[in-house]
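One structure is given here, and the rest of the page talks about it.
Protein chains: 4
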Amino acid sequence: MSSRRRIAVIGAGYWGPNLARNFRASTDWELAYICDLDTERAQRVADSVGGVPVTASLDEVLADSSVDAVAIATPARTHHPIALAALDAGKHVIVEKPLADTRAKGVEMVERARERGLVLMTDHTFCYTPAVLKIRELIADGYLGDILFVDSVRINLGLIQPDVDVFWDLAPHDLSILDFVLPGGLDVTSVAAQGADPLKTGKSCIGYLTIPLRSGGIAHVHVNWLSPTKIRQMVIGGTKRTLVWDDLNPQQRVSVYDRGVDLALQSKETADSQASNVSYRLGDTWAPALPEQEALANVAAEFAAAIREDRAARTSGESGLRVLSVLEAVALSQQVHGAPAPVATEI
Amino acid sequence: MSSRRRIAVIGAGYWGPNLARNFRASTDWELAYICDLDTERAQRVADSVGGVPVTASLDEVLADSSVDAVAIATPARTHHPIALAALDAGKHVIVEKPLADTRAKGVEMVERARERGLVLMTDHTFCYTPAVLKIRELIADGYLGDILFVDSVRINLGLIQPDVDVFWDLAPHDLSILDFVLPGGLDVTSVAAQGADPLKTGKSCIGYLTIPLRSGGIAHVHVNWLSPTKIRQMVIGGTKRTLVWDDLNPQQRVSVYDRGVDLALQSKETADSQASNVSYRLGDTWAPALPEQEALANVAAEFAAAIREDRAARTSGESGLRVLSVLEAVALSQQVHGAPAPVATEI
Amino acid sequence: MSSRRRIAVIGAGYWGPNLARNFRASTDWELAYICDLDTERAQRVADSVGGVPVTASLDEVLADSSVDAVAIATPARTHHPIALAALDAGKHVIVEKPLADTRAKGVEMVERARERGLVLMTDHTFCYTPAVLKIRELIADGYLGDILFVDSVRINLGLIQPDVDVFWDLAPHDLSILDFVLPGGLDVTSVAAQGADPLKTGKSCIGYLTIPLRSGGIAHVHVNWLSPTKIRQMVIGGTKRTLVWDDLNPQQRVSVYDRGVDLALQSKETADSQASNVSYRLGDTWAPALPEQEALANVAAEFAAAIREDRAARTSGESGLRVLSVLEAVALSQQVHGAPAPVATEI
Amino acid sequence: MSSRRRIAVIGAGYWGPNLARNFRASTDWELAYICDLDTERAQRVADSVGGVPVTASLDEVLADSSVDAVAIATPARTHHPIALAALDAGKHVIVEKPLADTRAKGVEMVERARERGLVLMTDHTFCYTPAVLKIRELIADGYLGDILFVDSVRINLGLIQPDVDVFWDLAPHDLSILDFVLPGGLDVTSVAAQGADPLKTGKSCIGYLTIPLRSGGIAHVHVNWLSPTKIRQMVIGGTKRTLVWDDLNPQQRVSVYDRGVDLALQSKETADSQASNVSYRLGDTWAPALPEQEALANVAAEFAAAIREDRAARTSGESGLRVLSVLEAVALSQQVHGAPAPVATEI
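Residue numbers (the working numbering), protein chains in the order written: chain X, 1 to 347; chain B, 1 to 347; chain H, 1 to 347; chain W, 1 to 347.
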């Protein structure tokens, strides 16, 4: 169909097959190539989606003027050179998270996309799940009021990664979601992080991350590879209502509690009797129905829409960069034993 | 019965009636007085336990040579003068938590008890619940191995206290339990604390507390007055097994997971291939049966046993002091935006 | 206060102290006597509520013309003679469930109350909990639509009773609640019951009870003394919405699901293609806030209101009789191996 | 590989692709054909497993002497003719559940397999999940003691089937599992069933099924298409311990409770004081670790093993027949309003 844009998937490892399947199924896209140095692996992916050209040559893909965009699902350290090459060849780019393995590289990628006037999108897949889309909508509609605190727990018995610590492995999910749902995005100036490596693996396996919100509230993330039980829970407290997202409870993933503490406004004279002005709401609980949708299908649609409408993607390169900025501050804070470290914001 | 010791309960407010009821029911104790400036309130407590002498005069109680001990359940700021007066009168003393409202006062109380050769016990009631007693026993027996991490969550929609922040209100439970179950007690040198006051109440309503364990592991406590859901959960990870205590699940409060990550010992040469030496145990889960017991009955028995055996109580004055030391470091750490603050240990 | 009615509690065993405490605390009532053959036991109850006259003589109570009503909390087999004597003495009567130990006796009690023009109330306490009151209100308001099915599970490791089987011990709760919340009450014509006595105790320890609803739906009750886990759950399915009451989940006892199956009306011609006319609603879940109330306080208030307004109590003698009628049919159905047995309805 | 047997999958609808994938992956089998009248559908299945010959002709498959076995995944009413043809052609047969759409047809299939000396297996997939295999093992080892009761709940908002009622749709799972785990199999003589069709769909959407166990205990099954919440829970009570299988709790699917009621043996003289001889065990809970396995892979292996060892499959044709026998008795019991109906056992 002539109105479809053509996309090549670069990398046929863990994530590539999922990208291939969803771009194949999308009415916005035509899947043009599977590209991987290991062509046998690429061929298996191509077969699983009903047959697509396979190549080991990135140059061949980028030289093909019929290709509009590339989806990069290679190891994180290779995101930077592949993305720059693609942008230089005039292709729109979507990159598997994390955007890059250092903030500096991410800055260069974002700048290059701006210069070329191309869309650079970070594939923060979780943001496109029905639960997170609903949370974003509820907050944007003011249903929770102003956000006072966010507490996120993402723990399980996890694979200890050879190259990254538990913050790099798990916290990008929480950070990208915060960036997606908070009205001002992940707009923070410092972060405090405490890591622990009790098994002496050489990297943090347990991590606690505290981020002051500009509103005066706080966001906190607990990531952990050593927990025997699995928890995926985020509490978002607002001035009006509080939301709990329990991703492991398929029967009630998102609950909104009309419960909370109300504090009456008061003049300075009464400031020392504050306690008496506190009251409690013990209202109803409401759990919105969530549609059944595959998040990656939404990702494919958003990437197409951003290109079509010549706008930034909801999870833009800048968004990926904000996540990297926090992760680098996390590393710094750990070096100073958990004292707050500044988060870089300038490009 | 002549072998019973005689005790007076000082303070007939929230906690006093519970103390009165349990000392009354104990075979170790004879309840001698209910003492409160508000004698009407004291009388109601006395009536509810079947009749006990009532007085508004602490002096009268302390002058009565037949009284062996006092249980102090007055506001925290009055613990210090009452406890010192009681010790000076030769009475053993048990104090509702917290031991005092400042560490300095606690030090003086502990020193006085030492000088007088009397028992000073802190009523860390939670430590005497069947669940915590079992946890202490399992750790002492080596069943969990060395402790790698502790993660404790104590959150709910709570009364905002007029005088103390959420750390002082809730964290003493977690800290006293850590002191009780960890083999070396709460033997820590620094603590990092992040608090938030998003409602502008003038004190922290949300708190995160990180304590490095000497073993290289980490203890973390999350206390929160603003959560619409109630959670009381502590995870204790060891080299052999991991324990989860979910106090709101009466059908399975304590679960021990024979799951975890094993890391093979390795020489320096292989250090860069560490990932391949990691293996996972996915073993059985075991939930020990717990007896039905009232914790305060165990407290009354322990206080009597410590006096009889002329030894420190399991939750001694020193234990209460270690909790105060951490709480003061928490306040200091908050002032420096969460950077670690030293915990005083000398007396 | 002159407007208070005076009530005597007969029976100071398990339930009597609760009745005494609640009638004492009620602004509608003045507690006049605690009556029990074991006066020592009666005295303990009297003391616990701050002092009330005690007597071993029912005659004395009934002869006291200042007494307006009696609350009977004696063994079930004695409800009948005590209630008749009280009614004959002109007293209003509330009886602990079950109303009597046979249906015939219950009939006589109901008739006598009618003849005397007095209130006879059955203390179906559970009906006055905030959860059940809310369920009754939602159904009465048409919020669930017409009721299609009710499934109730009430199982735990229970005391094997010396005199009654599991149906008599546990099912009265479910039956009285059905009578309370269903628009037409427990208006049934037959019941099928399957019991099992696998431990050879001489009585059913496991029971299943099926009651056709007049609407074409079904009510089913599972009672069990041998379950290691405790479940208290009732599902009420309506044409509009379905309600789940999980009494062991204090954070969300009552949930209303806007989910269900819709079946389009259709003409006879299309009757064989019915499946295609089925559609599914997957709407929101809503959990109403419930106030904190003691059910027995509501019982005391309802008893007073029924007398004052000269009307039947919400849980009337007739209600208790309907429960007995089903229980007798249960016994009959068990004798015929679970075939449906008729439920007596005439008085 | 020469030692592999060759199998054809007949039917490329809902279940066929799963069979194809697992037989393809098995080291015991070589996948020979995908056979479906709709060859386009068959081709899609063939492609998805990497390419296999496709045919619309059952005759062609059965005439191929290199084919050892067929797996039938066609609509239930066609199982009978296809299976008979396959057996007559000398092929071993595995049939998707239910074995047939009537008991009489099932009898003929079982008899034909016996005459031909071939393996006829019913694909009761659920029996080969790690949870059910573990339950079977625990019961066989005597760990639960003698089985006293089984209570199974299988409810959710389900598709109303055009051709079968809720008993035929869901209860085969429960019945086949009972047949698999009970020491004597599903060896029952009668069954009582209550169905309800409150939506007037023309078939039962809610069903209750009671089966007396020969031991004196009882098995009960609750199936329901109208429940807004999904429950998959089976409780198996034994004289020694009780097991709870909660299939929707991946973190603790199988729990074994060392809790129960003990009844002392007693002479006839003391029979009327039975209650005093009852005691309670409140022991530990234990949750065995379960391996991660795909049940259908175990099915493929068991089918191969039964052929190789010339023995009945664990879920034999006879097993499928016992399930059909109960289902026909269910239909009969419903016609007599839930009175017990006999279960045919002779072949």
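Ideal Cβ positions, reconstructed from N, Cα and C, are used throughout, including at glycine.
Predicted model only: the values in this text are computed from it and were never measured.
| query | Which of helix, strand or coil does DSSP assign to B:Val221? | reply | Looking at B:Val221 - three-state DSSP - the assignment turns out to be strand.
| To which residues of the same chain is X:Glu324 closer than 7 Å at the C-beta, ignoring the five residues directly before and after it? | The question names Glu, yet the displayed sequence has Leu at residue 324 of chain X. Within the same chain, X:Leu324 has close Cβ partners Pro98, Leu99, Ala100, Arg103, Gly106.
| query | What separation, rounded to the nearest whole angstrom, lies between the Cα atoms of H:Val9 and W:Leu248? | reply | One Cα belongs to H:Val9, the other to W:Leu248, and the distance between them is close to 48 Å.
| query | Do we get a CB-CB distance below 9 Å when we pair B:Asp151 with the residues of chain W? | reply | It does not: the Cβ of B:Asp151 has no partner Cβ on chain W nearer than 9 Å.
| request: With a 10 Å radius around its C-beta and 16 neighbouring C-beta atoms as the bar for buried, classify H:Leu133 as buried or exposed. | output: Buried is the call here.
| For the stretch 174 to 194 of chain H against the stretch 320 to 336 of chain H, are there 3 or more C-beta pairs whose distance is under 8 Å? | Three or more beta-carbon pairs separated by less than 8 Å link the stretch 174 to 194 of chain H to the stretch 320 to 336 of chain H, which places the two stretches in contact.
| Amino acids of chain W, ordered along the chain, whose beta-carbon sits closer than 7 Å to that of B:Asp284 | Going along chain W in sequence order, the residues near B:Asp284 (Cβ under 7 Å) are Trp286, Ala287, Pro288, Ala289.
| field | X:Ser176 burial status per 10 Å Cβ neighbour count (16 or more: buried) | value | By the 16-neighbour rule on beta-carbons within 10 angstroms, X:Ser176 is buried.
| said: If we define contact as Cβ-Cβ less than 9 Å, is W:Arg214 a contact residue for chain B? | reply: Taking Cβ atoms only, chain B never reaches closer than 9 Å to W:Arg214, which makes this a no.
| task | List the residues of chain B whose Cβ lies closer than 8 Å to the Cβ of H:Gln251, in chain order. | result | Residues of chain B whose Cβ lies closer than 8 Å to the Cβ of H:Gln251 are, in chain order, Thr229, Lys230.
| Nearest to W:Gly75 by CA position, among W:Ser66, W:Leu37, W:Arg112, is which residue? | Checking the sequence, you will find Pro at residue 75 of chain W rather than Gly. Looking at the Cα atoms, W:Leu37 is the closest of the given residues.
| field | Proximity test, Cβ basis, 9 Å: W:Arg154 and chain B | value | For W:Arg154, the answer is no, since every Cβ of chain B falls outside 9 Å of its Cβ.
| message | Tell me which residues share the same chain as W:Ala42 and place their Cβ nearer than 6 Å to its Cβ, disregarding the 5 neighbours each side in the sequence. | response | If we look at W:Ala42 and ignore the five residues flanking it on each side, its Cβ neighbours are Ala12, Ile34, Asp36, Val54.
| message | I'd like the span of the alpha helix (DSSP H) that includes H:Asp176, first residue to last. | response | Before going on, a small fix: residue 176 of chain H reads as Ser here, not Asp. Taken as a continuous stretch (DSSP letters only), the alpha helix (DSSP H) holding H:Ser176 covers 166 to 181.
| Roughly how many whole angstroms lie between the Cα atoms of H:Val49 and H:Glu294? | Going by the C-alpha atoms only, they are around 17 Å apart.
| the stretch 141 to 150 of chain W touching the stretch 295 to 310 of chain W, judged by at least three CB pairs closer than 8 Å | With a cut-off of 8 Å, the stretch 295 to 310 of chain W and the stretch 141 to 150 of chain W do not count as touching, because too few Cβ pairs lie within range.
| field | N-terminal and C-terminal residue of the beta strand (DSSP E) that W:Ala193 is part of | value | Element bounds for W:Ala193: 190 to 196.
| query | Measuring CB to CB, does X:Leu118 end up less than 9 Å from X:Gly90? | reply | Going by C-beta atoms, X:Leu118 is nearer than 9 Å to X:Gly90.
| task | Using DSSP bridges, identify the partner residues of X:Trp286. | result | For X:Trp286, which the question treats as bridged, DSSP gives the partners X:Val256, H:Trp286.
| Who pairs with X:Cys35 in a beta bridge, going by DSSP? | Paired residues: X:Ile10, X:Thr55.
| field | Which of helix, strand or coil DSSP assigns to H:Gln335 | value | In the structure shown, H:Gln335 sits in a helix (DSSP, three-state: H, G or I).
| message | Using only the alpha-carbon positions, how far apart do W:Ala131 and W:Gln233 sit? | response | Using only the alpha carbons, I get a separation of about 12 Å.
| field | Any 3 or more C-beta pairs closer than 8 Å across the stretch 135 to 143 of chain X and the stretch 171 to 186 of chain X | value | Yes, the stretch 135 to 143 of chain X is in contact with the stretch 171 to 186 of chain X.
| If you drop the 5 nearest sequence neighbours on each side, which residues of the same chain put their C-beta closer than 7 Å to that of B:Arg253? | The residues are Ala131, Trp245, Asp246, Asp247, Leu290.
| task | Tell me where the alpha helix (DSSP H) around W:Pro212 begins and ends. | result | Here W:Pro212 belongs to no alpha helix (DSSP H); instead the beta strand (DSSP E) covers 206 to 212.
| task | State the DSSP-derived secondary structure class of X:Ile382, mapped to helix, strand or coil. | result | Here chain X covers residues 1 to 347 and nothing more, so residue 382 of chain X does not appear.
| The beta strand (DSSP E) spanning X:Glu96 covers which residue range? | Boundaries of the beta strand (DSSP E) harbouring X:Glu96: 92 to 96, taken from the DSSP string.
| query | Are there three or more Cβ pairs, one per stretch, closer than 8 Å when the stretch 161 to 171 of chain W is compared with the stretch 222 to 242 of chain H? | reply | No contact exists between the stretch 161 to 171 of chain W and the stretch 222 to 242 of chain H.
| message | For a cutoff of 9 Å on Cβ pairs, would you count X:Gly117 as touching chain W? | response | Taking a beta-carbon distance threshold of 9 Å, X:Gly117 does not count as an interface residue toward chain W.
| request: Answer yes or no: do H:Val150 and H:Ala219 have a C-beta to C-beta separation smaller than 9 Å? | output: Yes, the pair counts as a contact, with Cβ atoms nearer than the cut-off.
| said: Quick check: W:Ile7 and W:Ala69, are their CB atoms within less than 9 Å of each other? | reply: With a cutoff of 9 Å on beta-carbon distance, W:Ile7 and W:Ala69 are scored as near each other.
| request: Would you kindly report the start and end of the unbroken alpha helix (DSSP H) that includes X:Gly106? | output: Residues 103 to 116.
| said: Would B:Ala73 and B:Gly16 be called neighbours here (beta carbons separated by less than 9 Å)? | reply: With contacts defined as CB atoms closer than 9 Å, B:Ala73 and B:Gly16 qualify as a contacting pair.
| field | Cα-Cα separation, W:Ser57 to W:Gly51 | value | Rounded to the nearest angstrom, the two C-alpha atoms are 18 Å apart.
| Since B:Tyr257 and B:Thr242 are thought to touch, with beta carbons under 8 Å apart, how far apart are those beta carbons, to the nearest angstrom? | With a Cβ gap of about 5 Å, B:Tyr257 and B:Thr242 count as contacting.
| request: Kindly indicate the opening and closing residues of the alpha helix (DSSP H) around H:Gly237. | output: Where H:Gly237 is concerned, there is no enclosing alpha helix (DSSP H), although the beta strand (DSSP E) it sits in stretches over 226 to 238.
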